[in-house]
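Contents: one structure, followed by commentary.
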Amino acid sequence: MASVVEYKGLRAGYHCGYCDSKEGKASCGMWAHSMTVQDYQDLIDRGWRRSGKYVYKPVMNQTCCPQYTIRCRPLQFQPSKSHKKVLKKMLKFLAKGEIPKGNCKDEPMDSTVNDAVAGDFALINKLDIQCDLKTLSDDLKESLESEGKNSKKEEPQELLQSQDFVGEKLDSGEPSHSVKVHTVPKPGKGADLSKPPCRKAKEIRKERKRLKLMQQNPAGEHEGFQVQGQPPSLFPAKAKSNQPKSLEDLIFESLPENASHKLEVRVVRSSPPSSQFKATLLESYQVYKRYQMVIHKNSPDTPTESQVRLVPVSFEDPEFKSSFSQSFSLYVKYQVAIHQDPPDECGKTEFTRFLCTSPLEAETPHNGPDCGYGSFHQQYWLDGKIIAVGVIDILPNCVSSVYLYYDPDYSFLSLGVYSALREIAFTRQLHEKTSQLSYYYMGFYIHSCPKMKYKGQYRPSDLLCPETYVWVPIEQCLPSLENSKYCRFNQDPEAVDEDRSTEPDRLQVFHKRAIMPYGVYKKHQKDPSEEAAVLQYASLVGQKCSERMLLFRN
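Taking our numbering, the leading residue of the sequence shown gets -2, the next gets one more, and so forth.
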């Protein structure tokens, strides 16, 4: 099935939630009636991003706060010290029920991010209400007009996670260059150089634990590494004891036999809605609603079983349906507490359109991941209830983070950070089956917005050049961004956009229920503004997408 999109054009001079400029924001957008995962992959590799079914691209050289697409390279990712701290905090909570005393300084994700959230979605809401929707049929027009009023709460996950990372230092992972000065001890003092050095107590404990595990598991399958839904090959034993722990080692570290929690990951599709999604959606909504109304500082007295489930956003999936209520409850609780939304603005209709509706077509090719491609919910379960939901898109080359909401009762677990690390680990898991799926997209990086800089702490990562659409390591981009908000990252002055629109007449147009190349369509059009709009669309989506996607025109 081909993608069908409706280009809305340029919108400039509206409020920016990042810098609070009254009319500094500028972007181009289109409504996606349907979209293939390959088309969306190519679009986000050109600086586009979706919010529900609305797909938009900032006008980088005009907008007050340029938004650069950022991606992490999970295959080379090593958690920083602050990341390890979050993972260890979770493990202590799972194993012993330990709850950090006092308030977490890198948490919670409170209302300080609310202004950033409001920026793009106020525009989307205006577009859908005020613009004439030239749809494919009267029925489709009616449905789009109703769907169009939802999007002001849609926000990429990074805005919700930003406070998790405030105050963290960038950890490059480079070794220390301190110099050790060796001196010869006086006779009778210091260590006996004729004997081997004493082993540290920590190393002795590790050796004892390793021997015990070997006795319990002769086959070498360490307890806690066989997590439901996770192939054991993802967690190989380290070859040397002095090697740093991998992300999987930290997430799936062995727990004692009497541990309070066990973790698992499940895949449930959210769009088209599955029966699994429907079953849990109401509960999720209730948590969302409570979260929106008030931030609850109190923590659970005792932890029990914890699960992480990845649920396809599809009402045909039984797990999605069964978790609908919980997911909806969590959504409302989150919106009221974090974004201070009135409860009456957190209805099921808005929740469904915001977090459950996606233009992406579900695809399950034989050479793709077992869960297929499309839009999913990753649900975090604790003692049979949902405490957090991450919305993600699984695309041919990446996992793209869309949104996260969670129960504020559990803000002490730094769920924004934890969920991002889980998604990076999940990308690595998918890569084992589908080798080209090897990136984790974190949405937009805004260097001029302090709340958005946390993304630079997931190394190695790249920023997308806004002119040539090539990826450049973030370390090479930061010096330029210190001098100017808008930068061309590609240092080759001769480089150009390789997928620029060179043959606009080959662009596919859907007009009066017929598909035709733009070269045919334009012969019947006399309005100069129509040609300008189509050519602008072609330049933004690139030649490949312009030939594959159907541009609806009335």
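Where a beta carbon is used, it is the ideal one built from N, C-alpha and C, also for glycine.
### Query
Closest by CA to Asp314, which one among Arg497, Ser322, Gln273 and Leu278?
Gln273
### Message
Tyr407 and Ile421 - do their beta-carbons sit closer together than 8 Å?
### Response
no
### Query
Quick one: Cα of Leu547 to Cα of Pro356, how far?
14 Å
### Task
Name the residue from Tyr483, Gly539, Arg350 and Leu247 whose alpha carbon lies nearest to the alpha carbon of Cys62.
Tyr483
### Query
How many angstroms separate the CA atom of Val52 from the CA atom of Ser79?
33 Å
### Query
Counting pairs of Cβ atoms below 8 Å between the region 396 to 410 and the region 324 to 334, do you hit three or more?
yes
### Query
Looking at the structure shown, is Arg550 part of a helix, part of a strand, or coil, going by DSSP?
strand
### Task
Return yes when the Cβ of Ser24 is within less than 8 Å of the Cβ of Lys54, no when it is not.
yes
### Query
Whose CA, out of Ala359, Phe351 and Glu358, lies closest to the CA of Val388?
Phe351
### Message
Determine, for Tyr51, whether the minimum Cβ-Cβ distance to residues of chain B falls below 8 Å.
### Response
The structure shown has no chain B; it contains just one protein chain.
### Task
Taking the CB atoms as reference points, tell me whether Asp494 and Tyr466 lie closer together than 8 Å.
yes
#### Entry: C-alpha distance - Ala9 paired with Asp502, whole-angstrom precision
28 Å
### Task
With a threshold of 16 other CB atoms inside 10 Å of the CB of Ile201, please say whether the residue is buried or exposed.
exposed
### Message
For the alpha helix (DSSP H) containing Gln38, name the first residue and the last one.
### Response
Val34 to Ile41
### Task
Could you check the C-alpha separation between Arg68 and Lys523 for me, to the nearest Å?
43 Å
### Query
Under a three-way DSSP split, which group does Thr277 fall into?
helix
#### Entry: Secondary structure of Val538, DSSP reduced to three states
helix
#### Entry: Secondary structure of Glu552, DSSP reduced to three states
Since the displayed the chain opens at -2 and closes at 551, residue 552 lies outside it and no answer follows.
### Task
Name the two residues that bound the continuous beta strand (DSSP E) containing Arg558.
With the chain represented from -2 up to 551, any question about residue 558 goes unanswered, as that position is not in the structure.
### Query
Between the C-alpha atoms of Lys448 and Lys345, what's the straight-line distance to the nearest angstrom?
29 Å
### Task
Could you round the C-beta distance between Tyr438 and Ser397 to whole angstroms and report it? I think they count as a contact, below 8 Å.
4 Å
### Query
Who are the Cβ neighbours of Pro366 in its own chain at under 7 Å, not counting the five residues just before and after it?
Ile391, Leu427, Lys430, Thr431 and Leu434
#### Entry: C-alpha distance - Ser445 paired with Tyr15, whole-angstrom precision
9 Å
### Message
What does the alpha-carbon distance come out to for the pair Asp341 and Thr354?
### Response
20 Å
### Inter-residue Cα distance where the pair is Val607 and Lys82
Because the chain in this structure spans residues -2 to 551, residue 607 falls outside the shown range and cannot be described.
### Task
Name the two residues that bound the continuous beta strand (DSSP E) containing Pro55.
Tyr51 to Pro55
### Query
Considering Lys382, what are the terminal residues of the beta strand (DSSP E) in which it resides?
Lys382 to Ile391
### Query
On the premise that Ser416 lies in contact with Ser267, defined as a C-beta separation below 8 Å, what is that separation, rounded to the nearest angstrom?
Their Cβ separation, rounded to whole angstroms, is 16 Å, which puts Ser267 and Ser416 out of contact at 8 Å.
#### Entry: Which residues DSSP lists as bridging Leu401, in chain order
Gly387
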